[in-house]
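Chains as they are written, first to last, in this note's numbering: chain A, 28 to 232; chain B, 28 to 232. Cβ atoms here follow ideal geometry from the backbone N, Cα and C, with glycine treated the same way. Right, one structure below, let's go through it.
Protein chains: 2
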Amino acid sequence: MRISALADAVGLPVATVKFYLREGLLQPGVATSATQASYDESHVRRLRLVRALIGSVGLSVQQARAILELVDDPGDDLYSTLGRAVGALPPAVERREGDDPYPRARAALAALGQVFDPEYAAVAQLESALAAAESAGMPISDERLQAYGDLLRKLAAFDLERMPDEPHAAVEYTVLGTALYEPVVVALRRLAHQDEAARRRGIPS
Amino acid sequence: MRISALADAVGLPVATVKFYLREGLLQPGVATSATQASYDESHVRRLRLVRALIGSVGLSVQQARAILELVDDPGDDLYSTLGRAVGALPPAVERREGDDPYPRARAALAALGQVFDPEYAAVAQLESALAAAESAGMPISDERLQAYGDLLRKLAAFDLERMPDEPHAAVEYTVLGTALYEPVVVALRRLAHQDEAARRRGIPS
Numbered sequence: 028m029r030i031s032a033l034a035d036a037v038g039l040p041v042a043t044v045k046f047y048l049r050e051g052l053l054q055p056g057v058a059t060s061a062t063q064a065s066y067d068e069s070h071v072r073r074l075r076l077v078r079a080l081i082g083s084v085g086l087s088v089q090q091a092r093a094i095l096e097l098v099d100d101p102g103d104d105l106y107s108t109l110g111r112a113v114g115a116l117p118p119a120v121e122r123r124e125g126d127d128p129y130p131r132a133r134a135a136l137a138a139l140g141q142v143f144d145p146e147y148a149a150v151a152q153l154e155s156a157l158a159a160a161e162s163a164g165m166p167i168s169d170e171r172l173q174a175y176g177d178l179l180r181k182l183a184a185f186d187l188e189r190m191p192d193e194p195h196a197a198v199e200y201t202v203l204g205t206a207l208y209e210p211v212v213v214a215l216r217r218l219a220h221q222d223e224a225a226r227r228r229g230i231p232s
Numbered sequence: 028m029r030i031s032a033l034a035d036a037v038g039l040p041v042a043t044v045k046f047y048l049r050e051g052l053l054q055p056g057v058a059t060s061a062t063q064a065s066y067d068e069s070h071v072r073r074l075r076l077v078r079a080l081i082g083s084v085g086l087s088v089q090q091a092r093a094i095l096e097l098v099d100d101p102g103d104d105l106y107s108t109l110g111r112a113v114g115a116l117p118p119a120v121e122r123r124e125g126d127d128p129y130p131r132a133r134a135a136l137a138a139l140g141q142v143f144d145p146e147y148a149a150v151a152q153l154e155s156a157l158a159a160a161e162s163a164g165m166p167i168s169d170e171r172l173q174a175y176g177d178l179l180r181k182l183a184a185f186d187l188e189r190m191p192d193e194p195h196a197a198v199e200y201t202v203l204g205t206a207l208y209e210p211v212v213v214a215l216r217r218l219a220h221q222d223e224a225a226r227r228r229g230i231p232s
């Protein structure tokens with residue numbers, strides 16, 4: 028298909044598609060003349076990914092490029108690549124230095140019996156979240172940590188069981204499954220609260 | 028205690044405490060002279076709440092005031108007050124008009140057997156999240172919706188069981204439990220993914 032049909036297929040302006048081509052986020056088509064190229068389903072798929080990263084997740088072109096490089100070249104150590112890809116997603120968290128920079132997250136992960144790797148961005152994220160709850164006078168209790176941790180491990184197991192085996196697809200699945208499904212999880216939690224409150228109030232649902 | 032001791036107790040500059048007093052976010056102390064007032068534990072508690080809403084959640088003074096008014100005056104219909112308080116939290120989502128403005132969220136909540144109330148802000152939030160996943164070519168499958176929905180209802184039941192009976196405290200618990208625990212949930216989900224990936228890779232944790 029031509030670039031106009033490609034743009035139509037994804038619902039983006041042709042100018043945006045050309046911009047992504049120039050920025051190297053979208054692979055070139057096959058040249059069919061000096062001024063035209065032909066695109067296929069692989070371009071449609073890639074454009075959807077680029078649009079998701081920039082449009083929905085809100086990444087800059089540079090941040091999107093860093094993630095796309097990991098999708099394109101996952102390397103031999105998929106586990107570490109997945110960690111770096113997720114670490115490149117928002118929220119941006121400041122890494123801390125020092126002997127024990129993440130004491131709350133370290134204790135929480137020990138209590139849950141989970142891997143603690145201070146290089147992993149979500150550790151700093153958990154530390155900030157636990158500190159904010161604590162300073163508001165509503166620290167996460169041990170009981171709540173166990174309950175949340177247990178349910179979220181079940182959710183993670185569900186996600187991992189469905190991760191594609193092919194490495195490029197696995198990175199894409201992990202990045203989008205993290206960035207795009209988090210807002211679903213958060214909205215569903217709020218709606219579950221509402222539903223639960225309605226039931227306790229005696230409203231039939 | 029004097030204002031300086033109050034500020035110390037919470038770790039805020041005296042100027043910030045005075046600003047919150049002027050803005051009416053913090054109730055006045057008991058005047059002990061023409062220029063001095065005395066503050067107690069209720070002020071410490073309130074300051075922690077104000078700081079959480081403005082500092083951690085990132086609300087404006089005006090947005091924080093709207094929530095504090097619901098904490099201070101929960102009214103007779105607690106269920107509706109809780110809905111309005113949570114609806115005043117980020118993310119800001121545009122309400123849509125029309126016959127069926129939230130088709131994805133409506134279908135998802137019907138599939139889960141949960142309350143569907145288009146006035147509730149999280150419905151618009153869920154609609155956007157589902158639409159973004161769909162347009163990236165990774166729609167939430169029925170199977171995933173059921174799995175996530177089931178686990179998040181269990182999480183919500185845990186939260187509701189611990190909600191204080193006293194209405195002012197219930198609004199405060201709901202607002203902070205939503206805004207401050209969401210980042211904990213999101214970070215724990217990412218860390219559960221990492222832990223699950225490590226287990227599958229054969230790394231002892």
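- Runs of alpha helix (DSSP H) lying entirely within the region 112 to 190 of chain A, each at least 4 residues, in chain order: 130 to 139, 148 to 162 and 169 to 188
- Measure from the alpha carbon of A/A197 to the alpha carbon of each residue in A/A134, A/D100 and A/L182, then state which is nearest. Numbered from its first residue, the first sequence carries residue 197 of chain A at position 170. When only C-alpha atoms are compared, the closest one is A/D100.
- Query: Got a sec: is the Cβ-Cβ distance from A/Y47 to anything in chain B below 8 Å?
  - Reply: Against the first sequence, residue 47 of chain A aligns to sequence position 20. Taking Cβ atoms only, chain B never reaches closer than 8 Å to A/Y47, which makes this a no.
- Query: Just by C-beta distance, which residues in the region 75 to 86 of chain B are closer than 9 Å to chain A?
  - Reply: Identification of residues in the region 75 to 86 of chain B having a C-beta nearer than 9 Å to some C-beta of chain A yields R75, L76, R78, A79, L80, G82, S83 and V84, given in sequence order.
- Message: Is there a C-beta anywhere in chain D that falls below 8 Å from the one on B/A61?
- Response: No chain D is part of this structure, whose protein chains are labelled A and B.
- From A/H195, A/Y129 and A/K181, residue whose alpha carbon lies closest to that of A/V150: Position 123 of the first sequence, counting from 1, holds the residue named residue 150 of chain A. Cα-wise, what sits closest to A/V150 is A/Y129.
- Hey, could you find the ends of the alpha helix (DSSP H) B/Q54 is sitting in? For the purposes of this step, residue 54 of chain B is taken as the residue at position 27 of the second sequence. Counting along the chain, B/Q54 falls outside any alpha helix (DSSP H), and DSSP gives it neither H nor E.
- Applying the criterion that 16 or more other CB atoms from any shown protein chain within 10 Å of the CB defines a buried residue, is A/Q141 buried or exposed? Within the first sequence, the letter at position 114 stands for residue 141 of chain A. Classification of A/Q141: buried, given that the 10 Å Cβ count is 16 or more.
- Message: Determine, for A/M28, whether the minimum Cβ-Cβ distance to residues of chain B falls below 8 Å.
- Response: Here residue 28 of chain A refers to the residue found at position 1 of the first sequence. Not closer than 8 Å to any Cβ of chain B, the Cβ of A/M28 fails to qualify, so no.
- Task: Give the straight-line distance between the Cα atoms of A/S31 and A/L80, rounded to the nearest whole angstrom.
- Result: Mapped onto the first sequence, residue 31 of chain A falls at position 4. Mapped onto the first sequence, residue 80 of chain A falls at position 53. Taking the straight line from one Cα to the other gives about 22 Å.
- Message: Among A/L109, A/A36 and A/A119, whose alpha-carbon lies nearest the alpha-carbon of A/R75?
- Response: Your numbering for residue 75 of chain A matches position 48 in the first sequence. Checking every option, the nearest Cα to that of A/R75 belongs to A/A36.
- Is A/A61 helix, strand or coil when you go by DSSP? Stepping through the first sequence from its first residue, residue 61 of chain A is reached at position 34. If DSSP states are grouped into helix, strand and coil, A/A61 belongs with coil.
- Item | Contact list for the region 192 to 217 of chain B against chain A, Cβ threshold 8 Å | Y200, T201, L203, G204, T205, L207, Y208, E209, P210, V211, V212, V213, A214, L215, R216 and R217
- Query: For A/E50, which residues from the same chain have a beta carbon less than 8 Å from its beta carbon, with the 5 sequence-adjacent residues on both sides left out?
  - Reply: Residue mapping note: residue 50 of chain A aligns to position 23 of the first sequence, counting from 1. So the qualifying residues of the chain are V88 and R92.
- Item | Secondary structure of B/V77, DSSP reduced to three states | The residue labelled residue 77 of chain B in the question sits at position 50 within the second sequence. Note: B/V77 maps to helix in three-state DSSP.
- Task: Tell me where the alpha helix (DSSP H) around A/R92 begins and ends.
- Result: Sequence index remark: in the first sequence, residue 92 of chain A carries index 65 (1-based). V88 to D99 is the span of the alpha helix (DSSP H), which, as asked, contains A/R92.
- Task: State yes or no: is the C-beta of B/Q63 within less than 8 Å of the C-beta of B/R29?
- Result: Here residue 63 of chain B refers to the residue found at position 36 of the second sequence. Here residue 29 of chain B refers to the residue found at position 2 of the second sequence. Yes, Cβ-Cβ distance for B/Q63 and B/R29 is below 8 Å.
- Query: So which residues on chain B does A/L97 lean against when the C-beta distance must stay under 7 Å?
  - Reply: Here residue 97 of chain A refers to the residue found at position 70 when the first sequence is read from its first residue. Near A/L97 there are no residues of chain B at all, since even the closest Cβ is about 15 Å away, more than 7 Å.
- Task: Check whether the Cβ of B/A160 lies closer than 8 Å to any Cβ atom in chain A.
- Result: For the purposes of this step, residue 160 of chain B is identified with residue 133 of the second sequence, where counting begins at 1. Residue-level contact check: B/A160 touches chain A, since one or more beta carbons of chain A fall below 8 Å from its beta carbon.
- Query: What's the C-alpha gap between A/V84 and B/S60?
  - Reply: Counted from its first residue, the first sequence places residue 84 of chain A at position 57. Counted from its first residue, the second sequence places residue 60 of chain B at position 33. Distance between the alpha carbons of A/V84 and B/S60: 55 Å.
- Task: Return the residue from the list B/L215, B/E209, B/V211 and B/R189 that minimises the CA-CA distance to A/L182.
- Result: As a position in the first sequence, residue 182 of chain A is number 155, starting the count at 1. Measuring from the Cα of A/L182, the nearest candidate turns out to be B/L215.
- Note down the Cα distance separating B/F46 from A/L157, rounded to an integer number of angstroms. Stepping through the second sequence from its first residue, residue 46 of chain B is reached at position 19. Stepping through the first sequence from its first residue, residue 157 of chain A is reached at position 130. The straight-line gap from Cα to Cα measures roughly 27 Å.
- Amino acids of chain B, ordered along the chain, whose beta-carbon sits closer than 7 Å to that of A/G110: Within the first sequence, numbered from 1, the residue matching residue 110 of chain A stands at position 83. What A/G110 touches in chain B: Q221.
- Out of A/H70, A/Q90, A/L153 and A/V202, point me to the one whose CA is closest to A/L39's CA. Here the question's residue 39 of chain A lines up with position 12 in the first sequence. Closest by alpha carbon: A/H70.
- Item | Chain-order list of residues whose beta-carbon lies under 8 Å from that of B/P118 (same chain, five-residue window excluded) | Residue 118 of chain B sits at position 91 when you count from the first residue of the second sequence. Q152, listed in sequence order.
- Would you decide whether B/S155 is buried or exposed? Buried here means 16 or more other CB atoms lie within 10 Å of its CB. By 1-based counting over the second sequence, the position of residue 155 of chain B is 128. Looking at its Cβ environment, which holds 16 or more other Cβ atoms inside 10 Å, B/S155 is buried.
- Query: When you compare each of B/T205, B/E193, B/A137 and B/A174 to A/M165 by their alpha carbons, which one comes out closest?
  - Reply: Taking the first residue of the first sequence as 1, we reach residue 165 of chain A at position 138. Among B/T205, B/E193, B/A137 and B/A174, the Cα nearest to that of A/M165 belongs to B/T205.
- Query: Name the residues in the region 101 to 135 of chain A whose C-beta lies less than 7 Å from a C-beta of chain B; which are they?
  - Reply: Y106, L109, G110 and V113
- Item | Contact with chain A by B/A93, beta-carbon distance below 8 Å | Stepping through the second sequence from its first residue, residue 93 of chain B is reached at position 66. Residue contact check for B/A93 against chain A: no CB pair falls below 8 Å.
- Message: Measuring straight from C-alpha to C-alpha, what distance separates B/Y208 and A/A160?
- Response: Residue numbering aside, residue 208 of chain B sits at position 181 when the second sequence is read from its first letter. Residue numbering aside, residue 160 of chain A sits at position 133 when the first sequence is read from its first letter. Approximately 7 Å between the Cα atoms of the pair.
- Mind pulling the chain A residues with CB within less than 9 Å of B/Y66? By 1-based counting over the second sequence, the position of residue 66 of chain B is 39. What B/Y66 touches in chain A, judged by beta-carbon distance under 9 Å, is nothing: the nearest beta carbon there is about 16 Å away.
- Nearest-angstrom beta carbon gap, B/H220 and A/D144 [assumed within contact, 8 Å]: Position 117 of the first sequence, counted from the start, is the residue given in the question as residue 144 of chain A. Position 193 of the second sequence, counted from the start, is the residue given in the question as residue 220 of chain B. About 13 Å; that fails the 8 Å criterion.
- Task: Rounded to whole angstroms, what's the CA-CA distance from B/R217 to B/A58? Just pull it up for me.
- Result: Within the second sequence, numbered from 1, the residue matching residue 217 of chain B stands at position 190. Within the second sequence, numbered from 1, the residue matching residue 58 of chain B stands at position 31. Their Cα atoms are separated by approximately 50 Å.
- Message: Just to confirm the assignment, what range does the alpha helix (DSSP H) spanning B/Y208 have?
- Response: Here residue 208 of chain B is taken as the residue at index 181 of the second sequence, counted from 1. Run containing B/Y208: Y208 to R228, per the alpha helix (DSSP H) assignment.
- Query: Taking Cβ positions only, does B/Q152 come closer than 8 Å to chain A?
  - Reply: Residue mapping note: residue 152 of chain B aligns to position 125 of the second sequence, counting from 1. It does: the Cβ of B/Q152 has a partner Cβ on chain A nearer than 8 Å.
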